[in-house]
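In short: position in the sequence shown from 1, add 115, done, that's this note's numbering.
Written out below as structure tokens is the structure these notes cover.
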Amino acid sequence: MAIDPVCGMTVDPAKAAGSHEHRGVAYYFCGKGCLARFQADPEKYLAPKSPPQPQPEAAQYTCPMHPQIVQAKPGFCPLCGMALEPMVPAAEHDDAELRRVTLRFWISLALALPLVVIAMWLHFPGSQWAQLLLATPVVLWGCGSYFARGWSGARSGHPNMYTLIGLGVAVAYAYSVVAVLVPGLFPDSLRAASGEVHVYFEAAAAIVTLALLGEVLELRARGRTGDAIRALLGLAPKTARRIRADGTEEDVPIDAVRPGDRLRVRPGEKIPVDARVVEGSSAVDESMLTGEPVPVAKHAGDRVIGATINQTGALVIEADKVGADTLLAQIVHLVAQAQRSRAPLQKLADRVAEWFVPTVIAVALAAFACWAVWGPEPRLAYALVNAVAVLIIACPCALGLATPISVMVATGRGAGFGVLFRDAQAIETLASITTLVVDKTGTLTQGRPTLTDVLPLGDMDERTLLSIAAGLERSSEHPLAAAIVDGAHTRGAAAEEISEFQSLSGRGIVGRWRGKRVAVGNDQLMMEQGAHTAALRERMEGLRAMAKTVMFVALDGKLAGVLAIADPVKDTTPEALRDLHADGLEIIMLTGDSAATARAVAANLPIDEVIAGVLPQDKAAAIQRLQAQGKRVAMAGDGINDAPALAQANVGIAMGTGTDIAIESAQVTLVKGDLRGIVRARRLSRATVANIRQNLWFAFLYNALGIPVAAGMLYPLWGVLLSPMLAALAMSLSSVSVIGNALRLRSARL
């Protein structure tokens with residue numbers, strides 16, 4: 116039994132009305148006549164009556180050149196023929212395909228070496244039959260995978276590099292087989308002095324062997340591009356020490372940990388999951404994920420990250436996020452996602468690659484025709500050799516790999532020092548940014564504001580003022596709200612019960628307390644409530660001049676008190692802004708805080724412009740105005756109110772310590788929330804763009820020079836012809852050189 120996805124009626128596929136099959140596709144009609152179309156067993160496609168049991172997520176495989184190709188098992192890309200690789204590499208590298216190709220290479224090499232020796236130097240009666248016997252397993256078995264991949268691409272309308280290799284090998288081998296079996300078909304011009312027809316078994320076998328060598332080197336190099344993700348996966352601990360309800364402890368697999376479990380972490384152990392400290396204090400080394408070498412002190416109430424190392428003290432933690440929700444898992448997901456994305460620079464290569472293989476085949480046919488008509492004797496032999504050389508030397512693989520291989524290495528390198536790129540476009544765009552717009556709270560400052568001043572007015576006392584404000588603010592996620600709630604608790608004021616809570620974006624919060632309207636917020640909200648703040652202006656400006664944020668509390672439209680909150684600037688902010696300024700960036704602070712507070716924060720920082728008092732909905736408009744002036748803008752922020760501006764900017768940069776919606780809206784995430792990460796990300800971005808351009812130029816230049824030489828253009832001038840074997844070697848090394856150049860990013864100075 117199943118549920119029809121259209122109307123929701125229960126359907127028995129075996130008895131469905133009007134069911135029929137056509138060309139392998141099954142159609143089922145429910146009792147209401149709804150039509151559903153299924154490719155196979157309908158039980159797999161109709162929603163089951165009861166929810167399915169959760170299954171472990173199956174590995175998915177994709178092509179590095181064509182990320183739109185995704186399948187559930189290893190194989191080859193139907194477009195380019197390349198071996199697919201896992202979308203998220205396993206902690207241990209699976210080199211099964213490398214082992215298979217290596218085996219084919221060594222066996223092919225063992226057969227090709229004596230074949231070449233016989234063809235070049237040992238001419239004895241029946242030597243051509245010996246060549247046939249040695250070449251046949253190399254061509255039919257060693258090259259069998261290439262034939263299949265080449266035919267698959269041609270059949271789908273996307274001929275690829277394996278189409279060229281397969282075609283070249285097949286032509287040379289088939290010609291030679293016919294020459295051995297039916298030599299009488301060939302004219303005397305194609306015969307040697309002994310009367311035998313020239314054969315090219317050694318060329319076919321050497322082409323296959325060299326192509327296999329190139330694939331071995333390529334697979335080894337491609338395996339190294341996933342080292343960054345595998346290193347991250349290797350950080351995760353395998354077990355956790357769980358504290359049972361009766362106080363006893365047990366070691367359990369990490370997959371068995373659930374949110375709310377209490378776990379013990381002893382000195383020197385890895386923290387198993389993202390959690391909150393409930394007992395103990397220690398220093399935790401977070402350098403593996405954040406790049407910060409200095410251990411971070413952790414006490415009760417602090418958050419800890421899974422896979423970081425507890426150093427000095429024992430901790431009891433309460434699991435918060437487990438499995439795919441942990442920061443480590445999210446980092447791995449983001450890096451894998453970015454590695455599969457396409458950079459804008461790739462568009463040119465894509466357009467060229469679309470016409471590349473048909474063009475190469477046309478050039479090979481033209482070369483054959485020219486040599487067959489105007490070449491020296493034996494013309495057909497020259498025509499065949501040069502046409503095969505053209506087919507073999509052309510390598511669209513190098514062109515296709517030029518961008519994605521650099522992106523894969525760069526995203527892994529960025530993750531290593533705490534910078535996560537959402538996609539390849541972010542890497543490319545970040546290099547051309549001219550203006551950096553930064554939020555204040557949580558971006559320039561620590562994002563952990565503290566309540567410093569409580570000023571009750573009239574007959575309001577401090578405890579009651581704090582209790583009302585804390586009761587209202589405890590429903591808010593804003594960092595300033597947390598400061599008020601914590602400050603009230605520290606001063607012994609219990610939060611009051613507030614009803615009709617409502618958050619007013621960019622202004623504050625309103626609600627009801629004991630039947631009275633209560634509001635906590637800025638000057639604008641007080642004006643809306645009818646509470647006048649003019650009499651306190653001078654005192655408020657004094658607080659703001661000390662970089663304190665001022666918030667007012669009103670009851671029934673009457674001012675009841677003032678709260679002042681300070682959020683110190685991060686220790687790393689001045690250095691980061693100086694480096695960014697020296698890098699040529701214009702730096703603008705964009706904040707919803709008052710102008711006085713914003714100017715006080717900016718006073719000792721290299722900030723070019725301060726835009727203060729901006730409502731959340733207006734932050735995106737401010738970014739648009741800067742873009743309209745011709746500036747390429749990056750926006751760094753951490754809060755919900757920054758999300759629209761992060762999405763509007765050319766590159767949105769989220770603090771990893773900020774809200775989920777900010778991170779989702781951004782293209783770059785700084786895991787540590789440290790602006791110094793932007794400095795290194797910019798250097799990595801520029802190095803990556805330069806690396807991609809080098810790869811593309813090499814691929815274009817290689818084919819622009821190699822194909823004419825293979826076609827024989829140098830023969831009229833210097834009598835130079837390119838052997839198909841040398842063409843095969845050049846073809847193999849072209850892809851390896853592109854990958855090798857991309858791997859230089861792993862050691863680039865940032």
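Note that CB positions come from ideal geometry on N, CA and C, so glycine has one too.
None of the values given here were measured: they were computed from a predicted structure.
Three-state class that DSSP yields for residue i in the structure shown
i, result
"S847", "helix"
"F191", "strand"
"D93", "The shown model of the chain, from 116 to 865, leaves out residue 93, and the question about it has no answer."
"N637", "coil"
"P229", "helix"
"I358", "strand"
"D694", "helix"
"I613", "coil"
"L866", "Residue 866 lies beyond the range of the chain shown here (116 to 865); nothing can be said about it."
"N806", "helix"
"N856", "helix"
"A796", "helix"
"K734", "helix"
"G309", "Going by the sequence as given, residue 309 is Ser instead of Gly. In the structure shown, S309 sits in coil (DSSP, three-state: anything other than H, G, I, E or B)."
"D568", "strand"
"P410", "coil"
"L499", "helix"
"K353", "coil"
"P683", "coil"
"F471", "helix"
Beta-ladder partner(s) of residue i, from DSSP
i, result
"G752", "A769"
"R632", "R627"
"Q186", "Y176"
"E701", "T550"
"P666", "Looking at the sequence itself, residue 666 is Met, so the reference to Pro does not match. Answer by DSSP bridge pairing, in chain order: L678."
"L430", "V380"
"L832", "DSSP output for L832 lists no bridge partner at all."
Contact belief for residue i with residue j at Cβ below 8 Å, rounded distance in angstroms
i, j, result
"T558", "M770", "6 Å"
"L570", "G676", "6 Å"
"E447", "A415", "Per the sequence presented here, residue 447 reads as Val, with Glu not at that position. With a Cβ gap of about 29 Å, V447 and A415 do not count as contacting."
"G283", "I322", "6 Å"
"I822", "A509", "6 Å"
"E365", "R357", "6 Å"
"K663", "T712", "7 Å"
"T648", "L674", "7 Å"
"R632", "D671", "5 Å"
From the options, residue whose alpha carbon lies closest to that of residue i
i, options, result
"E588", "A398, G573 and R622", "R622"
"R466", "G834, P511, A245 and A422", "P511"
"Y817", "S852, V783, L836 and R629", "S852"
"G259", "S396, F220 and D568", "F220"
"D389", "G421, T324 and N501", "G421"
"T549", "T251, A697 and L226", "A697"
"I613", "A598, D601 and S590", "S590"
"E543", "A762, A826, L327 and A749", "A749"
"K436", "W486, W470, L430 and R373", "R373"
"D568", "A429, L581 and A444", "L581"
"D303", "V552, S267 and E311", "E311"
"V824", "C178, L226 and A479", "A479"
"G626", "V665, M661, A584 and E656", "A584"
"E469", "G602, A269 and V503", "A269"
"A691", "D682, I702 and G767", "I702"
"L449", "G531, A464, S396 and S397", "G531"
"S396", "T427, L860 and D789", "T427"
"K555", "T706, G767 and K685", "T706"
"L848", "L325, T688 and E643", "L325"
"K685", "E656, A717, L678 and L247", "A717"
"A669", "T177, L695, N637 and A751", "N637"
"A351", "M828, G375, E384 and E333", "E384"
"A525", "A845, G257 and S800", "S800"
Exposure of residue i, with buried meaning 16 or more beta-carbon neighbours within 10 Å
i, result
"D576", "exposed"
"L442", "buried"
"S862", "exposed"
"W244", "exposed"
"G573", "exposed"
"T605", "exposed"
"A225", "exposed"
Closer than 7 Å: residue i CB and nearest the ligand SAH heavy atom
i, result
"A781", "Judged by which ligands are present, the structure shown has none, so any question about the ligand SAH falls away."
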